[in-house]
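*Asks:* Below is one structure. I have some questions about it.
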Amino acid sequence: MTHAPGVPEVTDADFDTEVLSADRPVLVEFTADWCGPCRQLAPVLSAVAAEEADCLKVVQIDVDRNPGVTARYAVLSMPTLMVFRAGEPVKSMVGARPKRRLLQELEDVLA
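Under the working numbering, think of the first position of the sequence shown as 26, with each following residue one higher.
Structure (structure tokens):
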């Protein structure tokens with residue numbers, strides 16, 4: 026998996042515990058080994074995870090190994106970034122983006 030350093034991986038088995046029951050908003054990257062833009066996004070996610078650790082949890086899930094969660098949220102494109110708050114998806118973004126833009130898009134979540 027194109028793993029972003031410092032960003033834990035979740036699975037179908039622990040998604041509900043790690044994401045839906047989290048005590049703060051969670052940014053989930055739906056990713057895949059074959060996804061080029063996912064590799065571009067990895068350092069951005071690592072940086073955001075480190076900088077916003079107090080108010081945002083960042084995780085990634087491999088769509089090929091975890092079809093259950095992928096189907097539940099109808100994820101079709103990689104990378105898809107979804108923000109969950111209190112067990113509900115509140116924001117969805119598709120495609121790699123620079124860190125500055127991602128932080129702008131997350132402003133309302135991080136506030």
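Each residue gets a CB set at the ideal place from its N, CA and C atoms; glycine is no exception. It should be emphasised that the depicted structure is a prediction, and the values quoted were computed from it without experimental measurement.
Given this structure, state the Cα-to-Cα distance separating residue 50 from residue 80, to the nearest angstrom.
*Replies:* Within the sequence shown, the letter at position 25 stands for residue 50. Within the sequence shown, the letter at position 55 stands for residue 80. Cα-Cα distance, rounded: 7 Å.
*Asks:* Spell out the partners DSSP gives residue 85 in its beta bridges.
*Replies:* Looking up residue 85 in the sequence shown gives position 60. The partner list for residue 85 (beta bridge, DSSP) reads 34 and 54.
*Asks:* In this structure, does DSSP put residue 68 in helix, strand or coil?
*Replies:* Taking the sequence shown and counting its residues from 1, the one referred to as residue 68 is at position 43. Residue state, collapsed to three classes: helix.
*Asks:* Can you give the Cα-Cα distance for residue 30 and residue 60, rounded to whole angstroms?
*Replies:* As a working note, residue 30 is residue 5 in the sequence shown. As a working note, residue 60 is residue 35 in the sequence shown. Between residue 30 and residue 60, the C-alpha separation is close to 17 Å.
*Asks:* Flag this pair as yes or no: are the beta carbons of residue 47 and residue 82 separated by less than 7 Å?
*Replies:* The count along the sequence shown starts at 1 and reaches residue 47 at position 22. The count along the sequence shown starts at 1 and reaches residue 82 at position 57. Cβ atoms of residue 47 and residue 82: closer than 7 Å.
*Asks:* With respect to the alpha helix (DSSP H) encompassing residue 113, which residues constitute its N-terminal and C-terminal limits?
*Replies:* Counting from one through the sequence shown, the residue named residue 113 turns up at place 88. Per DSSP, residue 113 belongs to no alpha helix (DSSP H); it is in the beta strand (DSSP E), 113-119.
*Asks:* Compute the Euclidean distance between the alpha carbons of residue 105 and residue 78, then round it to the nearest angstrom.
*Replies:* On the sequence shown, residue 105 is found 80 positions in, with the first residue counted as 1. On the sequence shown, residue 78 is found 53 positions in, with the first residue counted as 1. Spanning the two alpha carbons is a distance of roughly 20 Å.
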